[in-house]
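K.L.:
Okay, handing you the structure first.
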Amino acid sequence: MGFLFFVMVAGLVVFFWLKSSKTSQEQWQVAADQLNLAYYGGGLGSAGTISGSIDGHRITVSTFTKRSGNNSQTFTKYHIEYRQRLKTDMKMTKQGALHNLGKIFGLQDINVGNPAFDDRVLLRGSNPEAVRRVLTPELRDAVKLAIVSYDDCVITNEHICVNRRGRDSDAAVVVGTVRRLLKFCELMNASHNYTPKNTQVLGRHPAAVPPIPKAKEPPKIPVSEDPLPEIEAIEPSFDPYTTPRPIVPDPPMIPVDDEPDPVPAVPVAEDVPPPVSEPEPDVLDLKQTAEALFRAEDSGSALLASKVFDEKYKGRRIAGSGTVKRVGKISYDPVFGSIRGIKVALTVCEMDGAYSKIKVSAETIFPLDEFEKLKSLEDKPLHISGKLIAQDTMMRKLFVVDE
Numbered sequence: 007m008g009f010l011f012f013v014m015v016a017g018l019v020v021f022f023w024l025k026s027s028k029t030s031q032e033q034w035q036v037a038a039d040q041l042n043l044a045y046y047g048g049g050l051g052s053a054g055t056i057s058g059s060i061d062g063h064r065i066t067v068s069t070f071t072k073r074s075g076n077n078s079q080t081f082t083k084y085h086i087e088y089r090q091r092l093k094t095d096m097k098m099t100k101q102g103a104l105h106n107l108g109k110i111f112g113l114q115d116i117n118v119g120n121p122a123f124d125d126r127v128l129l130r131g132s133n134p135e136a137v138r139r140v141l142t143p144e145l146r147d148a149v150k151l152a153i154v155s156y157d158d159c160v161i162t163n164e165h166i167c168v169n170r171r172g173r174d175s176d177a178a179v180v181v182g183t184v185r186r187l188l189k190f191c192e193l194m195n196a197s198h199n200y201t202p203k204n205t206q207v208l209g210r211h212p213a214a215v216p217p218i219p220k221a222k223e224p225p226k227i228p229v230s231e232d233p234l235p236e237i238e239a240i241e242p243s244f245d246p247y248t249t250p251r252p253i254v255p256d257p258p259m260i261p262v263d264d265e266p267d268p269v270p271a272v273p274v275a276e277d278v279p280p281p282v283s284e285p286e287p288d289v290l291d292l293k294q295t296a297e298a299l300f301r302a303e304d305s306g307s308a309l310l311a312s313k314v315f316d317e318k319y320k321g322r323r324i325a326g327s328g329t330v331k332r333v334g335k336i337s338y339d340p341v342f343g344s345i346r347g348i349k350v351a352l353t354v355c356e357m358d359g360a361y362s363k364i365k366v367s368a369e370t371i372f373p374l375d376e377f378e379k380l381k382s383l384e385d386k387p388l389h390i391s392g393k394l395i396a397q398d399t400m401m402r403k404l405f406v407v408d409e
């Protein structure tokens, strides 16, 4: 009887463990889709791995387990490599009691002169002077916030790594953590444009420039106001061996009136018909619409895409094909509202971005009775049509409903 009870308890533990693992995998798939990253499912009991690149920063989210004797602890690891590695070597971690003991035996700790930072952050680097120049007041505040927010956080000149205790099985937590760390990475990359010590900054504190002396004017040569003396004409000498030639005066000039300039002919304007704008198609093309909305990568692309969408695309019919990436049953959706059906996510196209590929997707709703058919079409092309009701600029998604 005792053995049977033990088997039942073990079975329940395994059942709930597998169910929790499956839930984590589904949530990580949702988080990867929201971040436009790739998700790779793990083995039995593993949450898998999320990886990819956002704005040039290389992201990896995974789990690992630490064991100590008979005890074990699972952690969620967020590792992000900066888009551009800083040239100044440094490493920052949280201050601890062991660090205070290590300083007695020569453990390096660079002080930047800010007690609120120095008391919380253990800072090491090969060039202390260069490290202090890189850590601007704004960057010090960001580092201090990251160190205080996460118990296990390591920041270097190449990456930031955060280990959170437990398995983050909520998509909102994973997405929020990645986005907060991405903001920190942008600050780190912005800090590498500091001015070296041996570089002169022009225009910040300009040195006084002595005035250029004016060139001395050359002395004026006095000009006599007396009239020039008249020069007497010299009579030519008579040569008895040369026959003199009479001097014939030049004939007087006859004034001639200038000819008037010809009047240019005035061109006759031709009747030019006004330009005729091509009528917009009744049904939009899914791929062309995605490229037109999301091709911009500048800082104002989000506002621009939203404005263009509301003016030109919202509420119009649209049709096109994409590759099916996810099929799932829903009863409520933030965009589609309270609706029971099958939500299908498709990859519409990929475009070249500034640092990585830009993947544009579309989501639509099908009836519940088509679940098996749609499930069999995963990673295969599917044609959809309907009314374009919304778009998500951040996630680069289009939302289509059947009319």
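Here the sequence shown is numbered in the numbering used here, starting from 7 and rising by one per residue. Heads up, the beta-carbon is just placed ideally off N, CA and C, and yes, glycines get one too.
(1) Ends of the alpha helix (DSSP H) at Asp124?
(2) Find out if the Cβ-Cβ distance for the pair Val127, Ile153 is shorter than 8 Å.
(3) Is Ala296 near Val354, with beta carbons less than 8 Å apart?
(4) Please list, in chain order, all residues of the same chain as Pro373 whose beta carbon is under 8 Å from its beta carbon, the five residues on each side excluded.
(5) In terms of DSSP beta bridges, what is Leu290 paired with?
(6) Which same chain residues, not among the five before or five after Ser59, have their C-beta less than 6 Å away from its C-beta?
(7) Report yes if the C-beta distance between Cys191 and Ile86 is below 8 Å; otherwise report no.
(8) Any idea if Arg337 is buried or exposed, counting beta-carbon neighbours within 10 angstroms, 16 or more meaning buried?
(9) Which runs of the beta strand (DSSP E), 3 residues or longer, sit entirely within the stretch 345-401?
(10) Would you identify the three-state DSSP class for Thr201, choosing helix, strand or coil?
(11) To the nearest whole angstrom, what separates the beta carbons of Leu394 and Leu404, a pair I think is in contact under 8 Å?
(12) Can you find the residues in the same chain that come closer than 7 Å, C-beta to C-beta, to Glu409, ignoring five residues on each side of it along the sequence?
(13) Could you please give me the residues that DSSP links to Lys97 through a beta bridge?
(14) When DSSP labels each residue in this structure, what does Glu87 get in the three-state scheme?
(15) Near Asn195, what residues of its chain come up, given a Cβ to Cβ distance below 6 Å and the 5 sequence neighbours on each side ignored?
(16) Quick one: what's got a C-beta closer than 6 Å to Asp174's C-beta in the same chain, skipping five residues either side?
(17) Skipping 5 residues on each side, what residues in its chain have a beta carbon closer than 7 Å to that of Ser382?
(18) So, helix, strand or coil for Ala53, using DSSP?
(19) Spell out the partners DSSP gives Leu113 in its beta bridges.
P.N.:
Judging by the given coordinates:
(1) The count along the sequence shown starts at 1 and reaches residue 124 at position 118. Per DSSP, Asp124 belongs to the alpha helix (DSSP H) from Pro121 to Asp124.
(2) Translated into positions along the sequence shown, residue 127 becomes position 121. Translated into positions along the sequence shown, residue 153 becomes position 147. Closer than 8 Å, so yes.
(3) On the sequence shown, position 290 is the one that residue 296 refers to. On the sequence shown, position 348 is the one that residue 354 refers to. A contact, by the Cβ cut-off of 8 Å.
(4) For the purposes of this step, residue 373 is taken as residue 367 along the sequence shown, with counting starting at 1. The answer, listed in chain order, is Gly347 and Ile348.
(5) In the sequence shown, the residue the question calls residue 290 occupies position 284. Paired residue(s): Ile324.
(6) Position 53 of the sequence shown, counted from the first residue, corresponds to residue 59. Correct list, in chain order: Ser362.
(7) Along the sequence shown, read from residue 1 onward, the residue named residue 191 stands at position 185. Along the sequence shown, read from residue 1 onward, the residue named residue 86 stands at position 80. In contact: Cys191 and Ile86 (Cβ atoms closer than 8 Å).
(8) Locating residue 337 in the sequence shown gives position 331, where the first residue counts as 1. Here residue 337 turns out to be Ser, not Arg, going by the sequence shown. It is exposed - the Cβ of Ser337 has fewer than 16 other Cβ atoms within 10 Å.
(9) 363-372 and 387-398
(10) Counted from its first residue, the sequence shown places residue 201 at position 195. Caution is warranted here: a pLDDT of 44 is assigned to Thr201, below 50, making its placement in the model unreliable, and no coordinate value can be reported.
(11) By one-based count along the sequence shown, residue 394 stands at place 388. By one-based count along the sequence shown, residue 404 stands at place 398. At roughly 6 Å, the Cβ-Cβ gap stays under 8 Å, so Leu394 and Leu404 are in contact.
(12) In the sequence shown, residue 409 corresponds to position 403, counting from 1. The residues are Gly392 and Lys393.
(13) As a first step, residue 97 is located in the sequence shown; it is residue number 91 there, counting from the start. Answer is Arg130 and Thr162.
(14) Working through the sequence shown from its first residue, we reach residue 87 at position 81. Note: Glu87 maps to strand in three-state DSSP.
(15) Stepping through the sequence shown from its first residue, residue 195 is reached at position 189. The answer, listed in chain order, is Tyr88, Arg89 and Gln90.
(16) Within the sequence shown, residue 174 is the residue found at index 168, counting from 1. Closer than 6 Å at the Cβ level, and outside the excluded window around Asp174, lie Thr82 and Val180.
(17) Position 376 of the sequence shown, counted from the start, is the residue given in the question as residue 382. If we look at Ser382 and ignore the five residues flanking it on each side, it has no Cβ neighbours.
(18) Here residue 53 is taken as the residue at index 47 of the sequence shown, counted from 1. If DSSP states are grouped into helix, strand and coil, Ala53 belongs with coil.
(19) Here the question's residue 113 lines up with position 107 in the sequence shown. For Leu113, which the question treats as bridged, DSSP gives no partner whatsoever.
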